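Residue numbering for the sequence shown follows our numbering, beginning at 817 and increasing consecutively. Beta carbons are placed, not taken as given, at the ideal position from N, Cα and C, and that holds for glycine. These figures come from a predicted structure and were not determined experimentally. What follows is one structure encoded as structure tokens, with my remarks underneath.
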Amino acid sequence: MQRKAHLAIAYWNEQKQPWIWFLKFELDERGLLKQSDIGNFIKYVVEAMGTRLNGDISEEQQQKLSNNPYTFKPSED
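In structure tokens, the structure reads:
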């Protein structure tokens, strides 16, 4: 058993640009999300984007977000 949760977060900013994050988190022994991983993911987003997600995303912010260990690119099939 892999003991991982796969999630997707969809978001539209004020310019109606969609963002979709595909996330993968390890599960604990009870099958629940690890709170430390959720906190770390939020920390990565805040460090990359700041506290407001409504503006355009810069190349630097895009690079920081892509280095997040919780994001993944799903297979095409």
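Answer yes or no: do Lys850 and Lys820 have a C-beta to C-beta separation smaller than 7 Å? Here residue 850 refers to the residue found at position 34 when the sequence shown is read from its first residue. Here residue 820 refers to the residue found at position 4 when the sequence shown is read from its first residue. Cβ distance not < 7 Å, so Lys850 and Lys820 don't count as in contact.
Sequence-distant residues of the same chain with beta carbon closer than 7 Å to Ala826, five excluded per side: As a position in the sequence shown, residue 826 is number 10, starting the count at 1. Here the set comprises Pro834, Ile836.
Helix or strand or just coil, what does DSSP make of Phe838? Residue numbering aside, residue 838 sits at position 22 when the sequence shown is read from its first letter. Three-state result, Phe838: strand.
I need the DSSP call for Ile858, collapsed to helix, strand or coil. As a position in the sequence shown, residue 858 is number 42, starting the count at 1. Ile858: helix per DSSP, three-state reduction.
Report buried or exposed for Phe838, applying the criterion of at least 16 other Cβ atoms within 10 angstroms of its Cβ. Reading the sequence shown from its first residue, position 22 is the one you call residue 838. When all chains shown are included, Phe838 counts as exposed.
Please state the DSSP three-state secondary structure of Lys820. Start at 1 with the first residue of the sequence shown, and residue 820 comes out as number 4. The answer is strand: DSSP assigns Lys820 an E or B state.
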